[in-house]
Amino acid sequence: MYALRFRGSVVTDKETWEKAVAAVAGEYAALASAVRMWTEERTSAIREAKKALNAISQEVGGGEICAVCRGECCARGRHHVTVTDLLVHLAARRPLPVPDFSVDHCPWLGTAGCFMDPTCRPFNCVTFNCERVEGLLEPPVREHFYRVERDLRALYGEVEDFFGNRFMHGLLLSYERAVAGDGVLLRVGKP
Ligand code: SF4
Ligand code: SF4
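Mapping of the sequence shown onto my numbering: residues 3 to 193, in sequence order.
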């Protein structure tokens, strides 16, 4: 069981995760509708970019290769899900799959693969291809993949700039850092 030391007491990742999700969901619900509309539009673009990356991998049989491999690259996903990824789910009105922090591998990895839809998986997950998949991409396709990756990175950057915060270290750590400060994660319009 993993745990974080948090304001002098030890709490589990599960407890911290639940508080973090509730905090971001609460802040998101309290945003002005124009801000939520901006978020819906940009996170929709994020999902489109992820869909394009997944399509490239699927075209060369990535789905079957990864199914046989059963997620070797998913050993460490604990901090891959960020505030931005949670916003993607909230804006799309999709429940974020519940992580299982009792396992040694990524908490979103089940026996049938990742709990998350490919269009909602974290940045690190959708932009990684091991050499078994990467080696099947023809050079122009590989270039296209990396162009979409750059676009996706820029979109994540836009969301961070808009909300005046840095989220790439993962939701658990972003939340812990916010609680150690003024508790605010979505700093839009705030100093
Ligand atoms: S990208 Fe490679 S290591 Fe990761 S699940 Fe697919 S085949 Fe396995
Ligand atoms: S979130 Fe999904 S794709 Fe990413 S490491 Fe975890 S199981 Fe793998």
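Where a beta carbon is used, it is the ideal one built from N, C-alpha and C, also for glycine.
On a predicted model such as this, the values are computed, not experimentally measured, just so you know.
Coarse secondary structure for C116, derived from DSSP in three states: strand
message: Am I right that V221 and L98 are in contact with their C-beta atoms under 8 Å? What's the rounded C-beta distance?
response: Nothing can be reported for residue 221, as the shown portion of the chain is limited to 3 through 193.
message: Suppose you measure from the CA of V26 to the CA of V62; what does that come to, to the nearest Å?
response: 37 Å
task: Taking the CB atoms as reference points, tell me whether F164 and R44 lie closer together than 9 Å.
output: yes
task: Use the C-beta contact count for L127: other C-beta atoms within 10 angstroms, 16 or more gives buried, fewer gives exposed.
output: According to the sequence as given, residue 127 is Cys; it is not Leu. C127 should be labelled buried.
task: With hydrogens ignored, establish whether the beta-carbon of L188 is closer than 8 Å to any heavy atom of ligand 2.
output: no
query: Considering only residues of the segment 119-162, which uninterrupted beta strand (DSSP E) runs meet the minimum length of 3 residues and lie entirely inside it, listed in chain order?
result: none
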